[in-house]
Amino acid sequence: MKHLFLPLCLALSSCAPNWGGRRLAHRPDLSLSEMATHHRDRGQVFSSYQVGGPVRWNHGWPWDLDLTGIGWSDHRTATAITSRHVVMADHFRLGPGDTVVFHDRKGLPHSHRIYRIVRLRDLGVPCDVAVGMLEVPLSGSIRTYPLPDLRDLPEDALVGATAVITGHQKVVDFRRIARTPGNTLGFQYLDGQSGNSLHRIIVGDSGNPSFVLSHGELILVETHTGGGAGVGPFYGSPTLQDGIRRAIQATDPSRSFQTVAPDGTLQKEAAAGRAPTAANSAPSRS
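FYI, our numbering numbers position 173 of the sequence shown as 708, with every residue one higher than the one before it.
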């Protein structure tokens, strides 16, 4: 199959000592692989949602994951990686002057204006990522997500791992990482995923983030560009990370993203999940 392009639109290694909105880790015993086994249906993140007002989080299984750092107030989703920076799909991004609203765990809204945008393509990095700088830093009650630290591991260290994906309908679901060539990450469906219980990446999902879990942290690994099982920029790529680092330096040098290395559990689960790429792992292109 071909890709469906969406044209519309704790061993921690840090880049610097600024921790942004990261505080307590998720439950240290939490495993996405086990969660995927017990929760076969996609999950709704909110019980009720309004852009500028308070929300009610769904206290089912998605509540175990701190998703406060995802701004879902616009279909052009933004994900926080420092207390002042978000990443978005370059082809479906917010612009300077646009507003993104995050909600803390109490359901209270935090509205932030985008002050500046840096496209990684303009920095010579061929990927579908734009970095936005917020006019005012995020509150400590909003999560910021680290990126993978794969410096001491093979390039395909995360292949086979279970990831949690998100969509613009404010849903979460699970996938298996199928491939990580260069700056790109591709997913495949888990065994048994099918029907209405499955969230397929569709137009409007561009820029929504996907994560793995390591050392009790949700680690940002991808933001959607292509549909079906899903494909997008790989945030473990050294080239992509260098581009993001330069974008941050160009906007607010006092900030930096953090990185987290895969722990033993994640590496073991990835190794167990490695298999020849299934036919349904390749998204279609229109």
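Ideal Cβ positions, reconstructed from N, Cα and C, are used throughout, including at glycine.
List the endpoints of the continuous alpha helix (DSSP H) containing His573. 567 to 573
Round the Cβ separation of Leu520 and Ser745 to the nearest angstrom and send it over; I've been treating them as touching at under 8 Å. Absent from the structure is residue 520, since the part of the chain shown begins at 536 and ends at 821.
Contact between the region 641 to 654 and the region 622 to 630: three or more CB pairs below 8 Å? yes
Under three-state DSSP, which class holds Asp708? strand
Hey, how far is the Cα of Leu753 from the Cα of Ser566? 11 Å
Beta-carbon spacing of Trp598, Gly642 below 9 Å: no
Please confirm whether Leu801 and Phe769 have their CB atoms less than 9 Å apart. no
Please state the DSSP three-state secondary structure of His594. coil
Exposed or buried, which one is Ala807 when buried takes at least 16 other CB atoms within 10 Å? exposed
For Phe792, three-class secondary structure by DSSP: coil
Could you check which residue in Val706, Gly751, Val666 has the C-alpha nearest to that of Ile736? Val706
What does the Cβ neighbour count give for Met536, buried or exposed, with the cut at 16 atoms within 10 Å? For Met536, the pLDDT reaches just 38, beneath the cut-off of 50, and the residue's location in the model is therefore unreliable, although a value from the coordinates is still provided. By the neighbour-count rule (16 or more Cβ atoms within 10 Å), Met536 is not buried but exposed.
Grab the span of the beta strand (DSSP E) containing Arg651 for me, first residue to last. 644 to 654
Please check the pair Arg711 and Thr697, which I expect to be a contact at CB under 8 Å, by giving their CB distance rounded to whole angstroms. 6 Å
What residue from Leu629, Asp663, Asp639, His638 has the CA that sits closest to Arg648's CA? Leu629
Buried or exposed for Gln784, please, with buried defined as at least 16 other CB atoms from any protein chain shown within 10 angstroms of its CB. exposed
Put Arg781 into one of helix, strand or coil per three-state DSSP. helix
Chain-order list of residues whose beta-carbon lies under 6 Å from that of Ala805 (same chain, five-residue window excluded): Leu693, Gly695, Ala696
With DSSP collapsed to three states, give me the class of Pro681. coil
Could you tell me the distance, in whole angstroms, from the CA atom of Thr791 to the CA atom of Asp576? Residue identity check: residue 791 is Ser in the sequence provided, not Thr. Roughly 36 Å separates the two Cα atoms.
Determine the DSSP secondary structure at Gly556, reduced to helix, strand or coil. Caution applies to Gly556, whose pLDDT of 48 falls short of 50 and renders its modelled position unreliable; the model cannot decide the point.
Gly799 in three-state terms, based on DSSP: helix
What does DSSP give as the partner residue(s) for Ser749 in the beta ladder? Glu752
Tell me the DSSP bridge mates of Ala615? Val621
Going by C-alpha distance, which of Ile779, Val738, Asp787 is nearest Phe627? Val738
Given a threshold of 16 other Cβ atoms within 10 Å of its Cβ, counted over all protein chains shown, does Gly595 qualify as buried or as exposed? exposed
Classify Arg678: buried if its beta carbon has 16 or more other beta carbons within 10 angstroms, exposed otherwise. buried
When the Cα of Gly762 is compared with those of Ile779, Ser741, Asp639, which residue comes out closest? Ser741
According to DSSP, residues forming a beta bridge with Gln723: Arg711
How big is the Cα-Cα spacing for Leu725 and Gly675? 35 Å
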